[in-house]
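Participant: The structure follows.
There are 4 protein chains.
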Amino acid sequence: MYIQNKRKILNDPVYGFVTLPSELVYDLIEHPYFQRLRRVKQLGLTDFVYPGALHSRFQHAIGAMHLMGQVLNSLEAKGNLIMEVEREAAQIAILLHDIGHGPFSHVLEYTLLEGVNHEKITEMIMEKLNLAFDGKLNLAIEMFKNTYHRKFFNQLISSQLDMDRLDYINRDSFFTGVAEGSIGVDRIIKMLDIHEENLVVEEKGLLSVETFLNARRTMYWQVYLHKTAISGEVILIKALERARELKSTGQQVDSPKDLEKFLDRKIGLTAFMEEKETLESFLKIDDIDILSCIKTWVNHKDKVLSFLAQSFLNRKLYKIKLSDESPSEKEINKVKEHLLENGINPKDLKYFFHVGSISNAGYVLENSRINILKKSGEVQDIVEASDLPTIKALGKIVKKHYLCWSKDVYLHF
Amino acid sequence: MYIQNKRKILNDPVYGFVTLPSELVYDLIEHPYFQRLRRVKQLGLTDFVYPGALHSRFQHAIGAMHLMGQVLNSLEAKGNLIMEVEREAAQIAILLHDIGHGPFSHVLEYTLLEGVNHEKITEMIMEKLNLAFDGKLNLAIEMFKNTYHRKFFNQLISSQLDMDRLDYINRDSFFTGVAEGSIGVDRIIKMLDIHEENLVVEEKGLLSVETFLNARRTMYWQVYLHKTAISGEVILIKALERARELKSTGQQVDSPKDLEKFLDRKIGLTAFMEEKETLESFLKIDDIDILSCIKTWVNHKDKVLSFLAQSFLNRKLYKIKLSDESPSEKEINKVKEHLLENGINPKDLKYFFHVGSISNAGYVLENSRINILKKSGEVQDIVEASDLPTIKALGKIVKKHYLCWSKDVYLHF
Amino acid sequence: MYIQNKRKILNDPVYGFVTLPSELVYDLIEHPYFQRLRRVKQLGLTDFVYPGALHSRFQHAIGAMHLMGQVLNSLEAKGNLIMEVEREAAQIAILLHDIGHGPFSHVLEYTLLEGVNHEKITEMIMEKLNLAFDGKLNLAIEMFKNTYHRKFFNQLISSQLDMDRLDYINRDSFFTGVAEGSIGVDRIIKMLDIHEENLVVEEKGLLSVETFLNARRTMYWQVYLHKTAISGEVILIKALERARELKSTGQQVDSPKDLEKFLDRKIGLTAFMEEKETLESFLKIDDIDILSCIKTWVNHKDKVLSFLAQSFLNRKLYKIKLSDESPSEKEINKVKEHLLENGINPKDLKYFFHVGSISNAGYVLENSRINILKKSGEVQDIVEASDLPTIKALGKIVKKHYLCWSKDVYLHF
Amino acid sequence: MYIQNKRKILNDPVYGFVTLPSELVYDLIEHPYFQRLRRVKQLGLTDFVYPGALHSRFQHAIGAMHLMGQVLNSLEAKGNLIMEVEREAAQIAILLHDIGHGPFSHVLEYTLLEGVNHEKITEMIMEKLNLAFDGKLNLAIEMFKNTYHRKFFNQLISSQLDMDRLDYINRDSFFTGVAEGSIGVDRIIKMLDIHEENLVVEEKGLLSVETFLNARRTMYWQVYLHKTAISGEVILIKALERARELKSTGQQVDSPKDLEKFLDRKIGLTAFMEEKETLESFLKIDDIDILSCIKTWVNHKDKVLSFLAQSFLNRKLYKIKLSDESPSEKEINKVKEHLLENGINPKDLKYFFHVGSISNAGYVLENSRINILKKSGEVQDIVEASDLPTIKALGKIVKKHYLCWSKDVYLHF
């Protein structure tokens, strides 16, 4: 008898075919909470610089789930026991690991919320889904929270070499067209193994890991911290701040109902805990809500808000200057004078320039280390295991400062 | 002395680097009319089926401009004279060839407008830009309208083997991940030549052309006419029609101001001609406006509108059945009964099912033929030149009928 | 405890990593009979036209084995039972399916041997290896000979959609750079299923299969039957025939000892059966032997042999003309006259021109059909199942005639 | 009138189409000296490890010529003047830059010759061709020898960022399948510029250059210095040394005539200078001659030579151990004892083991530096210009020692 193939197959431009491993996974993907990720771009405003970078969190989450399947196959083939329930749980955990991301992913994380990172929200949503799915997500949540005793599962979800990073470096490289960020995912996956329930890299994989770290660094500087995208982010954040200020003084600023809550004030953890509707609303907002605000605000009677919205919509970005030192008072004052000369109201100055800094620290200072399993059976930190001179160098934190300001403001005021 | 490189370079995941050939091209791309294309997806709702297909008209237009540069280089190298002004004009014409596309490209072309196709609007916008750019687009417009005497320029913009098709087949294949649609663009370009000011294919390029035609057909059936995307389109169109009906009976249906005009009634050519603001408004609407309506309408008190919006937003699509013959009365009646049994009001039935047809005719029946330049110097239509048995077969029109309906409606009413 | 990974991994530019599935497979690959395939180019003389096409039978055999693993995984995932011994046997059978190829694969098949095709020799070698490996190849041989009751295994080894074809079309496209020959191997593999122990294609795979057939046809005309390669083949064959003629008249013609047997006379099946050393010698000859002869013969005192060797070595190929009809007596006579005028001895004329024909018949007229499994459960031949107009067209046999001759002969005599 | 396209187009799997820029280039490629490169593998014995690495010097030379065309186009577009004769000369110089390579490229450079590197031979061959082509190679030779006043041409032929390296890193990555070695050739080329007639990298190209240096280092350790290939090289060299020893004692060792000269003794520069036939003979030997010797020697009555030939032919390689320190006397003695115990004659010991070292010094210690053109107009060495921590690290020399020996010798003696 012919057995119907119930396993759904998706086309992914990065990996070709992706097979959904179970009905539960299928149902989770169909759920509106997960479907929302279709409307959250993976790279926020990066498409201002790399027009191809329109890919969504939805694709990334499914890609990471696919890689989880691949790595578990490889680990099994090396003689490690992976139970069927563990496999499904690990795939679900990585599938949902980003479900707490709000509009434009990282861009607005600290503008809409206060003291609530997306990982925290992810946990809340996973618990909510667990209720809806009769506790079937228990093990996935354990893995995600790292309370499951086989530590390597959490390490595959969240560590220096997790399936999250492997997918996003590769995928972001693909969609931006920054070829140097492309990594040999297959190769890295085949180099992973388990040693005393912890994830390790086989010694012969050292070069592959280093190549990966280098690709990641390239992506940081060429993509994730690209100054043009930062300029766009500054404008967007300032627009939201201006809207919030106007509302605080009683002026009308139209916005979708669910987003409104987050414009009235930054939402903190207490609000999420105490008011059930806060999370409900959060689960309804996405890139579309922000963009439709921008489009509406272009016609707002407040000139500052309208200017910010228009600059963003038509990609008339602020000029931005990166430097190794913070910009001097003198430089900043020169910018301020330029703005004042062009008729900016002194109390509105802050909307027309910004001083900030970016750094690759976030990716360097991580608790979890990469461990190398030597042929001798010994496990060593990669920095010690390597005689490669660049590994240490890769760990250095680089911080850059920037000053950005509206140079075209005179056109409008 | 070091000469500053003023030519902007863009990263395109499909072709790698794309160089902007002139300042005029740069300024056109920076113009808000062109920036709008960032917010119009190339493939409408295809990302419902192929999640990677989020690429925009913006990318496609720049890609087509890039290919135009490539083909003109190749034609020059074969000894054809291309003047610098012709080169720029041809690149501008193809850059702007799709600027008249509205939200979701083809999907809503006949819902928002009546008797005005996107080519007509493109012409109007090109004329508008020509005014803004002091007549610098004159030659580009001539080429676009095919009034320029060197016919091959228009053929490179709009024919069976134009740079538009070459880019979109290739690009759509790339972003959907449907590898079979990938074509050897380089190879085809190198096979093109000019004969008596008309575009021809060198005889040795026959197989390449055939492979291209086949890839195109594959893309039609696997992507452009995919039944799941059609189901999504049906729901979106019905939502807009319901909104229009509600408004016509005086009910309030919120929508962005510029879109509102097109919801009040279908706009025809006269409106565009007579009211200057119609085109202005059209130039302000994009995918975001439609999607923000959908998100708002989810909460509309009209249950039909709310149901349609929700189905679309959460991708709960209508069931769709393709067949060679139109669905019989019996089948249609069965669907209607099912809907009535689930409490649908008879006068609202039309919002819950649809009968239609799709066909590859649009791409087959074209005026412009592909001409082969034989080694003997003779020019022949490809169908005659070819001893390849499939060329004729490829020209056959295939029409398919579909019936689609809401099978989950009982969940909601 | 850490379990050592004994499974060898190979780098394949086409598929990335290829894992050797078992120690037996590893040992077979290490065997000198299989190592010989490193020195047999997959595409004979195609690198005369496509310089990248230097890949060996060795790579192809391993690639086909890899695909066999992939397809068996996919078939299992669809609920078909594949036993571990069957899996290994199928991978071995496809690994060894081409082990009977001699120097330059197909090119010399009918020059060195008479009435013994490479499949027959493959069988003899498999039996020989089976002895050396204590009968461990029994099941593989059954599958290869199609005596195993689960017919689909043989169909995966040798049919219209076998892993052999899938690998070589893909691989040859990769190394020649003929992008149009690239096929979505993953996609096709995922469309295969088993129905009553026979290989079938799921109905939704129709387009993929058609794309595959088209790619195959493209490869036939652009690569496998490329006229320049044919011209090279003609010269090589004529050189070997001249050497044989010289030897038959008692002249000395140096050649490696094992190759000598096959130069003395064409070897037939009886020789292989009756003299054990014939097969031994065959297993020692490869491309190197032929090429070293050519290099030696450049200095042979017989001007005809020396001319042929030099033409081949320095790629001074014969001119070749393809046509739909056989060349007329008149054309042939013109060539002969040209040769005679340039001082060719009438009795040597045959070495300086050739009349022949090529056809894609070999790939069209196959016993095994592609069967489609309809959603209704019914199985149909693809020609009937398809409403695609090109399937039938693809089956048409095209035959071309050629005349090739030395046009530069006067330079040398 | 239709102008026939005389420019030949080649298919290259790495770059797609490659156009031959002139008739002179075409004629050079057709010349037997250049055709010989078809029979010299780019990577010597690397296909023992990476079976795909069968590509030839022929392909590499044409690829480098293609990149030279690309970079000159880009430099012109930035406003640098490149004359047509300079363009052709630069393309010819890079096309011929490796024509002095002998069999198996670097592998036998110091076994067949003494004090004559392949660059020296390249020069001699270029002069020889220049005679044959009536002095048309004058400018190319000037560029190659760096006597032409516009220094950047030589830098494009031979420096840290020359078209040679760019092609081979990329090509070797492609054919080995070591994806980490793939570099964004287009990107690097677009970052190059000319400053006071010297090659510089635009400041924004820093990351690209670093990625390139890293890819190069990866290729060194994963490919060029792979221990398995080194083991193969050791065996091949020992076979040739044994043959030479046997001949020196009057024993017969068959080999092709032109190779024989180089087996009789190592050829030094004087021989090349004084005997015209030495270079003639060199221009006739290639991989085939070596391989045919190996195949013949398998049956030689000297057991040592026969063992070495067989080991090589069937890829029964010596065991090899890499270490940071030179192997100790103790280790070496252990190996010797093992060999003696297995019946090796003490005076033949040297053929069964080898102590050596490898290092990436060759690629680090280069005279030519990479210069960065800062936005300020200043030119700086990359090490100073970069705030990237890894640049310095990349320059560190790593040396590894190895001991390799026949562990299976007892099987044969």
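If you're matching them up, the sequences are chains A, B, C and D in order.
Just so you know, we're using the working numbering here: the first sequence kicks off at 1 and counts up by one.
Just so you know, we're using the working numbering here: the second sequence kicks off at 1001 and counts up by one.
Just so you know, we're using the working numbering here: the third sequence kicks off at 2001 and counts up by one.
Just so you know, we're using the working numbering here: the fourth sequence kicks off at 3001 and counts up by one.
No residue lacks a Cβ here, since even glycine has one placed at the ideal position from N, Cα and C.
Compute the Euclidean distance between the alpha carbons of TYR2 (chain A) and GLU2325 (chain C), then round it to the nearest angstrom.
Facilitator: The predicted model places TYR2 (chain A) with a pLDDT of 33, which falls under 50 and marks its position as unreliable, so this point remains unresolved.
Participant: Name the chain B residues that come within less than 8 Å of ASP3186 (chain D), Cβ to Cβ?
Facilitator: GLY1016, PHE1017
Participant: Does ASN214 (chain A) come within less than 8 Å of chain D when only Cβ atoms are used?
Facilitator: For ASN214 (chain A), the nearest beta carbon of chain D is closer than 8 Å to its own beta carbon.
Participant: Can you pull the chain E residues whose beta carbon is under 7 Å from the beta carbon of GLY177 (chain A), in chain order?
Facilitator: Looking for chain E here will not work: the only protein chains present are A, B, C and D.
Participant: Does the ligand MN have even one heavy atom less than 7 Å from the beta-carbon of GLU2331 (chain C)?
Facilitator: Only the bare structure without any ligand can be found here, which leaves the ligand MN out of the picture.
Participant: With a cut-off of 8 Å, does the C-beta of LYS2190 (chain C) fall near any C-beta of chain A?
Facilitator: Yes, LYS2190 (chain C) lies at the interface with chain A (some Cβ there is under 8 Å from its Cβ).
Participant: Does the CB of PRO21 (chain A) have a neighbour CB from chain B at under 8 Å?
Facilitator: no
Participant: DSSP has GLN2070 (chain C) in a bridge; who is on the other side?
Facilitator: Its beta-bridge partners do not exist; DSSP assigns none.
Participant: Which of the three DSSP states, helix, strand or coil, is assigned to LEU1365 (chain B)?
Facilitator: Confidence is the limiting factor: at LEU1365 (chain B) the pLDDT is only 45, short of 50, which leaves the residue's position unreliable, though a coordinate-based value still follows. LEU1365 (chain B) falls in the coil class under three-state DSSP.
Participant: Alpha carbon to alpha carbon, how far is LYS1336 (chain B) from VAL1398 (chain B)?
Facilitator: 28 Å
Participant: Among all the DSSP beta bridges, which residues are the ones paired with ASN11 (chain A)?
Facilitator: Per DSSP, A:PHE17.
Participant: Based on the DSSP output, what are the partners of PHE2353 (chain C) in its beta bridges?
Facilitator: C:TRP2405
Participant: Please report whether the beta-carbon of GLN3222 (chain D) lies at a distance below 8 Å from any beta-carbon of chain A.
Facilitator: yes
Participant: Using 8 Å as the threshold, is the C-beta distance between LEU1259 (chain B) and ILE1237 (chain B) below it?
Facilitator: no
Participant: In this structure, does DSSP put GLN3380 (chain D) in helix, strand or coil?
Facilitator: strand
Participant: Name the chain D residues whose beta carbon is nearer than 7 Å to that of THR218 (chain A)?
Facilitator: Going along chain D in sequence order, the residues near THR218 (chain A) (Cβ under 7 Å) are LEU3207, THR3211.
Participant: Figure out for me which residue from C:LEU2112, C:LEU2156, C:LEU2225, C:GLN2310 has the closest Cα to the Cα of ASP2408 (chain C).
Facilitator: C:GLN2310
Participant: ASN80 (chain A) and VAL188 (chain A) - do their beta-carbons sit closer together than 8 Å?
Facilitator: The amino acid at residue 188 (chain A) is misidentified as Val; the sequence shows Ile. The answer is no: Cβ separation not under 8 Å.
Participant: Quick one: measure Cβ to Cβ for GLU2127 (chain C) and GLY2268 (chain C), integer angstroms, because I've assumed they're closer than 8 Å.
Facilitator: The pair is not a contact, with the Cβ atoms about 19 Å apart (cut-off 8 Å).
Participant: With DSSP collapsed to three states, give me the class of HIS31 (chain A).
Facilitator: DSSP places HIS31 (chain A) outside both helix and strand once states are collapsed to three, so it counts as coil.
Participant: Could you run through the stretch 3054 to 3070 of chain D and flag, in chain order, every residue whose CB is less than 9 Å away from some CB of chain C?
Facilitator: LEU3054, HIS3055, SER3056, PHE3058, GLN3059, ILE3062
Participant: Who pairs with SER1056 (chain B) in a beta bridge, going by DSSP?
Facilitator: B:LYS1041
Participant: Using beta-carbon positions only, say whether LEU3095 (chain D) and GLY3102 (chain D) come within less than 8 Å of one another.
Facilitator: Judged by beta-carbon spacing, GLY3102 (chain D) lies beyond the 8 Å limit of LEU3095 (chain D), meaning their Cβ atoms are not closer than that value.
Participant: If you run the structure through DSSP and keep just helix, strand and coil, what is ILE3183 (chain D)?
Facilitator: coil
Participant: Determine which residues share a DSSP beta bridge with GLU421 (chain A) and list them.
Facilitator: This structure cannot settle anything about residue 421 (chain A), because the visible part of chain A is limited to 1 through 413.
Participant: Please state the DSSP three-state secondary structure of LYS266 (chain A).
Facilitator: coil
Participant: Leaving out five residues before and five after ARG3057 (chain D) in sequence, what residues of the same chain have Cβ atoms less than 7 Å from its Cβ?
Facilitator: Closer than 7 Å at Cβ, skipping near neighbours: LEU3037, VAL3040, GLN3042, ASP3098, HIS3101, SER3105.
Participant: Excluding five sequence neighbours on each side, which residues of the same chain lie with their C-beta closer than 6 Å to the C-beta of ILE3121 (chain D)?
Facilitator: GLY3100
Participant: Hey, out of C:GLY2052, C:PHE2034, C:LEU2020, C:GLU2084, whose CA is closest to LYS78 (chain A)'s CA?
Facilitator: C:LEU2020
Participant: Count the other CB atoms within 10 Å of the CB of THR270 (chain A); is the residue buried (16 or more) or exposed (fewer)?
Facilitator: exposed
Participant: Less than 6 Å between C-beta atoms, sequence neighbours within five positions excluded: which residues of the same chain meet that for GLU1384 (chain B)?
Facilitator: Nothing listed; no residue qualifies.
Participant: For the putative contact between ARG87 (chain A) and LEU72 (chain A), defined by C-beta atoms under 8 Å, what is the C-beta separation to the nearest angstrom?
Facilitator: 5 Å
Participant: Can you say whether PRO1327 (chain B) is buried or exposed, counting buried as having 16 or more other CB atoms within 10 angstroms of its CB?
Facilitator: With 16 or more Cβ atoms within 10 Å of its Cβ, PRO1327 (chain B) is classed as buried.
Participant: Of all the CB atoms in chain B, is at least one closer than 8 Å to the CB of ARG244 (chain A)?
Facilitator: no
Participant: Give the interface partners of PHE3312 (chain D) over in chain C, defined as CB-CB distance under 7 Å, in chain order.
Facilitator: Ordered by position in chain C, no residue passes the 7 Å Cβ test against PHE3312 (chain D), which lies about 11 Å from the chain.
Participant: Can you tell me the Cβ-Cβ gap for GLU1233 (chain B) and LEU1045 (chain B), rounded? I've got them flagged as a contact below 8 Å.
Facilitator: So it is a contact: roughly 6 Å between Cβ atoms.
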